[in-house]
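Per the numbering used here, the sequence shown runs over residues -7 to 298.
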Amino acid sequence: MHKNSLLPISIIIPVYQAAPRLKQHLEALESLSGLVHELIWVITKSPDSSCRLAKKAAKKLGGLVIDVPEGLYPAWNAGLAKAKAPFIYISTVGDVIRPDGLAALLNTLQATEADVVISPPEMHPVAKETRQAALDWPVFRFASFFHAYEGKKIPAEKAVLMQILSGASSVLGSCASCLFRASVFKAGDFSSNHFHYGVTAWAYQHLPSISLTYYPTKVAQFWVEKRKTKRIVDKQQIYLMMKSMSEYLHADQRKMVGLLVDSLQNLDFLRGEKPKAGWWWHPSAWVYRWHRQRSRKYLLQCLQRN
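In structure tokens:
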């Protein structure tokens, strides 16, 4: 394909200890390699065969190869620093996207002039546990809201409200179902100080100053991995980001975010690190749960209001 007819997209491919899903992922990348501006392979030495397989594929498909130390978001950031195209796609191993799907996300961004386009992923494996996990994802939880903004920019205030209501989950969902303008990363890349929710931290930091849009069709997969260890979430870190982001809201909404965070913190205190038997019957727990529900209901009404 002629250089001028390529999709103006840099695809960043972080690879670390992903051998079981890498073969299928490389097959998907083969269908994309001749369509986009560049591939950037960000490879971390692994105890399995991932490193060797990825470097072999890079020789065949082309692209820049970067060797990086261990670390999820530092690897992503290393790829972002080298990207030259005006649009960025992060291709996490196992989460494949169709060529026509990537083109559709690009067309949506160009038509709306938004900074990031979100789409709902196709969740795998197809199982009851996977469907249950998907219900908590903002892109599914707020599906009716998102559908109202198909092909339109989502107002910044609405995006901020949705992120606050999402807590430790990112409104972006899977980055492998999103497409970004490269310019959004000039203001800052992904934090390595937020465990496995660096994308959430990025959303809290940048949503007030960027624009989102929505593409309704499922064009990419997301593979739900069984975690060997429990997901680490620093709740106080999340609460701090929620309160900080509320500064971009109206005074009444800001007050309700404060009430929501205070009720969550008080419930955490009553629950304790190791939940005490019957803690939920404590009279204060009833009060804090009522405050939590009241504040969430109010913020949801603000989100749904035209």
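Built from N, CA and C at the ideal position, the CB exists for glycine as well.
Under a three-way DSSP split, which group does residue i fall into?
i: residue 114; result: strand
i: residue -3; result: helix
i: residue 6; result: strand
i: residue 36; result: coil
i: residue 139; result: helix
i: residue 107; result: coil
i: residue 173; result: strand
i: residue 281; result: helix
i: residue 149; result: helix
i: residue 215; result: strand
i: residue 121; result: helix
i: residue 231; result: helix
i: residue 89; result: strand
i: residue 290; result: helix
i: residue 244; result: helix
i: residue 362; result: Residue 362 falls outside the range modelled here, since the chain spans only -7 to 298, and no answer is possible.
Measuring only the C-alpha atoms, how far is residue i from residue j?
i: residue 141; j: residue 205; result: 7 Å
i: residue 211; j: residue 269; result: 45 Å
i: residue 68; j: residue 39; result: 20 Å
i: residue 148; j: residue 240; result: 9 Å
i: residue 27; j: residue 102; result: 17 Å
i: residue 303; j: residue 51; result: As shown, the chain starts at -7 and ends at 298. That puts residue 303 outside it, with no answer to give.
i: residue 208; j: residue 128; result: 18 Å
i: residue 90; j: residue 106; result: 21 Å
i: residue 11; j: residue 63; result: 17 Å
i: residue -6; j: residue 122; result: Note on residue -6: pLDDT 43, under 50, position unreliable in the model; the coordinate value appears next. Distance between the alpha carbons of residue -6 and residue 122 is about 41 Å.
i: residue 166; j: residue 115; result: 10 Å
i: residue 9; j: residue 178; result: 29 Å
i: residue -3; j: residue 135; result: 34 Å
i: residue 117; j: residue 18; result: 19 Å
i: residue 185; j: residue 93; result: 32 Å
i: residue 80; j: residue 100; result: 14 Å
i: residue 274; j: residue 15; result: 53 Å
i: residue 87; j: residue 277; result: 41 Å
i: residue 193; j: residue 233; result: 8 Å
i: residue 41; j: residue 119; result: 28 Å
i: residue 258; j: residue 279; result: 10 Å
i: residue 153; j: residue 267; result: 30 Å
i: residue 218; j: residue 143; result: 34 Å
i: residue 203; j: residue 59; result: 33 Å
i: residue 84; j: residue 254; result: 36 Å
Is the beta carbon of residue i less than 8 Å from the beta carbon of residue j?
i: residue 4; j: residue 110; result: no
i: residue 164; j: residue 225; result: no
i: residue 237; j: residue 155; result: yes
i: residue 291; j: residue 157; result: yes
i: residue 162; j: residue 195; result: yes
i: residue 43; j: residue 35; result: yes
i: residue 104; j: residue 145; result: yes
i: residue 131; j: residue 137; result: no
i: residue 252; j: residue 297; result: no
i: residue 13; j: residue 215; result: yes
i: residue 190; j: residue 183; result: yes
Pop quiz: residue i and residue j are said to be a contact at Cβ under 8 Å. What is the actual Cβ separation, rounded to whole angstroms?
i: residue 24; j: residue 98; result: At roughly 12 Å, the Cβ-Cβ gap does not stay under 8 Å, so residue 24 and residue 98 are not in contact.
i: residue 256; j: residue 286; result: Actually they are not in contact, since the Cβ atoms of residue 256 and residue 286 sit about 13 Å apart, beyond 8 Å.
i: residue 54; j: residue 6; result: About 18 Å separates the two Cβ atoms, so there is no contact after all.
i: residue 199; j: residue 151; result: 5 Å
i: residue 260; j: residue 227; result: 6 Å
Near residue i, what residues of its chain come up, given a Cβ to Cβ distance below 7 Å and the 5 sequence neighbours on each side ignored?
i: residue 77; result: 0, 1, 2, 29, 30 and 174
i: residue 47; result: 35 and 57
i: residue 230; result: 159 and 160
Going by beta carbon distance, what residues of the same chain come within less than 6 Å of residue i, once the five residues before and after it are set aside?
i: residue 169; result: 111, 113 and 212
i: residue 245; result: 294
i: residue 263; result: 271
Looking only at its own chain, which residues have a Cβ that is under 8 Å from the Cβ of residue i, when we skip the five neighbours before and after it?
i: residue 250; result: 235 and 238
i: residue 188; result: 64, 223 and 224
i: residue 133; result: 127 and 158
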